[in-house]
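So the structure is just underneath, and the comments pick up after that.
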Ligand code: G4P
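In this note's numbering, the protein residues as written are 2 to 526.
Printed below as a string of structure tokens:
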């Protein structure tokens, strides 16, 4: 198969949701359809249980297990599908943001009873920044939930994207009878069964009397009314708008009952984008270029304290990746060869000889890679866009064992390279501040510093609201701002200016007082 054909058949995406909306269940059902697993329940070990929040060692162990399921590749018809897993626990949201830089599209799962929840809103922001095409799956229709029209309104207003239903439920909860597939004009009747696929009723159009026979006259006429309303309110679905990230098609179903999942998958492979061009600092890279290029979007550390081994996950952006071929690591200028790159098929990790754009390869690493590293066949390229978001929790990190300061410095540096948390250095007093999205990460850092680097750290409180990256076209204004706020100025790891606002009020005042300064809440601007 030619490189172009290999690219055209690939679909690399992530499923995102607020915890408990049904991401794991949906993933599992997609794998079942792809023949990648044969029994339901096989993916469950991947899930970080809510109950384990206080026991982060357990979470790390589970994260260890999830290396194998970090990427799930399988064939579905002519398509090669790569699902990139994202951690369910919100303390690891930063991992999820980075994973989103490696996908070509996204499926968002929303619980019909709960609607749009906090985590989903945040993840959607990342998708919006990158114009990532999204499909929404409204899940748990077998349970009592909200009116589907209300859900659509909420999706539109909360996720700030136009929506277009491509399937429509007939009732909900106990009375749930099935889904009318607007995309294909077919009717699927719901049979609550975790393993079996639903029953399809052959129909010609929405006026077909077989619908009345199948669901009863009352529900059939309600369905017709609903569909008429949909046609009146929502413009015709336009694939190009979807591909530009302007409209999100919406499907309804029940992942647990394998209902509506195949419809979602069939539509997904048809409309979702194949690997797309990637923007580098130098130029746009097309996937079908001969030269290989890719970037590291995730580093997964092993929790074994005896040897520091990691897997660096490389997303292939262009060309063919080959085992043992010499590739240039742009940051260091070194030429590296990879003897044992792994790919992920059907939940198994195998050494691969070649891989194509859209694929992810895992490269065993002993600390050579940093998040965001670019690899190429030789050309000097730097991929943009591994965004850091303003952390939500901050602490000073102090050395608790003066004899081990070198170990501490090395440990902090490597853990930050891995993307465990963000480091800011206060420009005024030189103190180091670690920013995270959850308490767990502080515990992880402390444990790993001790066990992998033999260093002891101590946390000291600092009350901060947000870290914002600042810039201005007016050098004088920037200097004036930095002078006024000198106690609250820090640099990130790339040496960029960051303002540490200690309250929302202070931030707002700063924005009012310094109109020439731009405040960014993500490092990608
Ligand atoms: P997550 O990965 O997004 O966190 O969610 P997950 O798939 O683990 O699903 C969360 C819970 O919702 C699970 O129940 C799962 O069985 C249930 N669920 C998923 N899809 C559906 C659906 O379509 N209908 C109904 N009624 N429930 C659904 P749990 O009790 O937390 O876990 P488990 O004990 O069943 O594994």
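All C-beta atoms, glycine included, are put in the ideal place defined by N, C-alpha and C. As the structure is a prediction and not an experimental result, all values here were calculated from the model.
Straight-line measurement puts the Cα of residue 492 at about 7 Å from the Cα of residue 427. Inclusion of residue 110 in the 8 Å shell around the ligand G4P follows from its C-beta lying nearer than that to a non-hydrogen atom of the ligand. Here the alpha carbons of residue 402 and residue 75 stand approximately 49 Å from one another.
Between residue 253 and the set 340, 149, 302, 284, the nearest pair of CA atoms involves 149.
Minimum Cα-Cα distance from residue 287 among the listed residues 278, 293, 433 corresponds to 278. By DSSP's assignment, residue 301 forms a beta bridge with 312.
Excluding five sequence positions before and after residue 462, the CB atoms of its chain that fall closer than 8 Å to its own CB belong to 396, 397, given in chain order. The DSSP-derived three-state label of residue 440 is helix. A direct Cα-to-Cα measurement between residue 186 and residue 232 gives close to 13 Å.
Around residue 167, the same chain offers 182, 183, 184, 238, 250, 251, 252, 268 as residues with beta carbons nearer than 8 Å, after the five sequence neighbours per side are excluded.
The beta carbon of residue 189 sits closer than 6 Å to the beta carbons of 179, 180, 199, 201 from its chain, once the five residues preceding and following it are set aside; these are given in chain order. Ranked by how close their Cα comes to the Cα of residue 2, the residues 356, 376, 214 have 356 in first place. Residue 394 places its beta carbon less than 9 Å from that of residue 443. Counting the other CB atoms within 10 Å of its CB gives residue 234 a total below 16, which places it among the exposed residues. With a cut-off of 8 Å on Cβ pairs, the segment 75 to 85 is in contact with the segment 9 to 22, counting three or more such pairs. Excluding the 5 residues flanking it on each side, residue 329 has same chain C-beta neighbours closer than 6 Å at 336, 377, 379, in chain order.
Here residue 482 is buried: its Cβ has 16 or more other Cβ atoms, across all protein chains shown, within 10 Å. The count of Cβ pairs closer than 8 Å, one atom from the segment 149 to 166 and one from the segment 114 to 134, reaches three, so the stretches are in contact. Every unbroken stretch of the alpha helix (DSSP H) spanning 4 or more residues and falling wholly within the segment 100 to 182 is given here in chain order: 119 to 130, 149 to 160. Fewer than three Cβ pairs drawn from the segment 466 to 483 and the segment 409 to 417 lie within less than 8 Å of each other, which leaves the two stretches out of contact.
The criterion of a C-beta distance shorter than 9 Å is not satisfied by residue 107 and residue 140.
In this chain, the beta strand (DSSP E) harbouring residue 329 covers 327 to 330. Nearest C-alpha to residue 77 among 134, 301, 271, 433: 271.
If you look at residue 371, you'll find it isn't in any beta strand (DSSP E); DSSP assigns it neither H nor E. Contact between residue 133 and residue 101 is confirmed by a C-beta separation of about 7 Å, below the 8 Å threshold. Spanning the alpha carbons of residue 375 and residue 227 requires a straight line of approximately 50 Å. Beta-bridge partners of residue 2 (DSSP): none assigned.
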